[in-house]
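To start, the structure under review is shown below, and the notes come after it.
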Amino acid sequence: MAWDSNNKTCPCIKTPYAISIFTAATYGDCSSLSKKLSLYPLNSLPQTDDSGYSPLHFAAQFDRADCLGLLLDRFSGSRPGGVVVADFNESGCTPLHRAAFSGALSCVKMLVEAGADVLMNDQSFPGEGNAFHKSVKGGRWLVLGWLFEHVMATGGTEALGEVFSSEDEKGRSLVQFTAEQCSQSSEEQSGSDRFEGIAGGKGDASKCKAVVDKYLEVCLGEARFEDIAMAKKALAKKALAKKALAKKEKKEEDELCEENCDCLGTGTGRGGSTRTWERRFGAIFGFDTD
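So, in structure tokens, the structure goes:
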């Protein structure tokens, strides 16, 4: 029994369970999904909908772990190397990107353990980066914390350094991206609110920042990550240089002011200092003020 090609334009959120593996994956109808996968030859099933999303994208985004497991078992061998978990849709988004943003922690774990690349950038929303950036964008601190723990467990602090060295499509590091998210208004951060039920609450950029800071300190504590420490020192040095420049400019301004002041230090300058006024006054009346 082959899949009816006329149905390939139908799989979308509103399509009844009876004719869509996509809708079954979205709503967690594992029974219907299993039946469809068993009835039709794998190569006859539509693997993406009209927008380029696979059933894995829907199952992952809505945290349908049972359906995702079923799909991974069925589809993982359908392409060379079993790279289905890393597949982009037509816009450039992977199932892991969707799950990280919505806060679908159980599906994030399944995808990563199945081989999804945590450092692969989302190209559907320029500038939203990899799974770490996406979890920060959604305010999903639990997902973010698990991703860090996974990286530490599998690659140690060296792999952690790669996370902090990675950049989104706009060249922003995770630290920079997180800081920008924290500076946004609550309205700007509300884009992920529709996934509250999946994540177990509203997103919180400040909690994500606390997680990022925690693991950044782990990096800074390692000698091999001197480049990160040096970057912080460079910023501190730049701030000191700026302060020194401001002090120098103030001194030059005061000296210019003194030169332009009349005998009472209130001439064309911006107002002489008290000391300047005393010196001028003393000169007029012939006594030493120093």
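Just so you know, our numbering puts 125 at position 125 of the sequence shown, and the rest follows in order with no gaps.
The beta-carbon is built from N, C-alpha and C at its ideal position, and this holds for glycine as well.
The structure displayed is predicted, hence computed values, not measured ones.
Taking C-beta to C-beta, are residue i and residue j nearer than 8 Å?
| i | j | result |
| --- | --- | --- |
| C107 | D63 | yes |
| S124 | G92 | yes |
| F164 | L111 | no |
| H150 | D122 | no |
| V211 | G155 | no |
| C30 | L70 | yes |
| L25 | C67 | Sequence check: residue 25 is Ala here, not Leu. Cβ distance < 8 Å, so A25 and C67 count as in contact. |
| S100 | S135 | Residue identity differs from the one stated: residue 100 is Ala in this sequence, not Ser. Yes. Within cutoff. |
Given this structure, state the Cα-to-Cα distance separating residue i from residue j, to the nearest angstrom.
| i | j | result |
| --- | --- | --- |
| A60 | K109 | 10 Å |
| T266 | K250 | Only weak support is given to the placement of T266: the predicted model assigns it a pLDDT of 46, under 50, and the value that follows is read from those uncertain coordinates. Using only the alpha carbons, I get a separation of about 18 Å. |
| L245 | D254 | 14 Å |
| S185 | S206 | 12 Å |
| L256 | F148 | 56 Å |
| G201 | D193 | 8 Å |
| V118 | N130 | 6 Å |
| T157 | L33 | 41 Å |
| L220 | K35 | 52 Å |
| F195 | V218 | 31 Å |
| R74 | L39 | 13 Å |
| F58 | F22 | 7 Å |
| K242 | D213 | 26 Å |
| G171 | M120 | 14 Å |
| G52 | L37 | 19 Å |
| K248 | L240 | 12 Å |
| G28 | A65 | 8 Å |
| A159 | M152 | 7 Å |
| E252 | S166 | 43 Å |
Which one or two residues does DSSP pair with residue i in a beta bridge?
| i | result |
| --- | --- |
| E167 | S173 |
By alpha-carbon positions, which one of the options ends up nearest to residue i?
| i | options | result |
| --- | --- | --- |
| C208 | D117, L174, I198, V218 | L174 |
| A104 | S20, D73, G139 | G139 |
| A199 | V112, T94, L142, D122 | L142 |
| Q181 | L37, F132, H150, E158 | F132 |
| S54 | N130, S135, T94 | T94 |
| D50 | L220, A179, S102, S20 | S20 |
| D204 | K137, T48, G28, L39 | K137 |
| L72 | S102, G52, A116 | A116 |
| G197 | S102, K248, A153 | S102 |
| E128 | A153, M152, Q176 | Q176 |
With H, G and I counted as helix, E and B as strand and the rest as coil, what does DSSP make of residue i?
| i | result |
| --- | --- |
| T94 | coil |
| Y27 | helix |
| L119 | coil |
| G138 | helix |
| A210 | helix |
| S54 | coil |
| D204 | coil |
| F195 | helix |
| E128 | coil |
| F22 | helix |
| R64 | coil |
| G221 | coil |
| G103 | coil |
| Q181 | helix |
| A114 | coil |
| D49 | coil |
| S5 | Model confidence at S5 stands at a pLDDT of 40, short of 50, so the residue's coordinates are unreliable; what they give is reported in the following sentence. In the structure shown, S5 sits in a helix (DSSP, three-state: H, G or I). |
| K35 | helix |
Any heavy atom of the ligand GTP within a distance shorter than 7 Å of the CB on residue i?
| i | result |
| --- | --- |
| A25 | Ligands are entirely absent from the displayed structure, and the ligand GTP is therefore not among its contents. |
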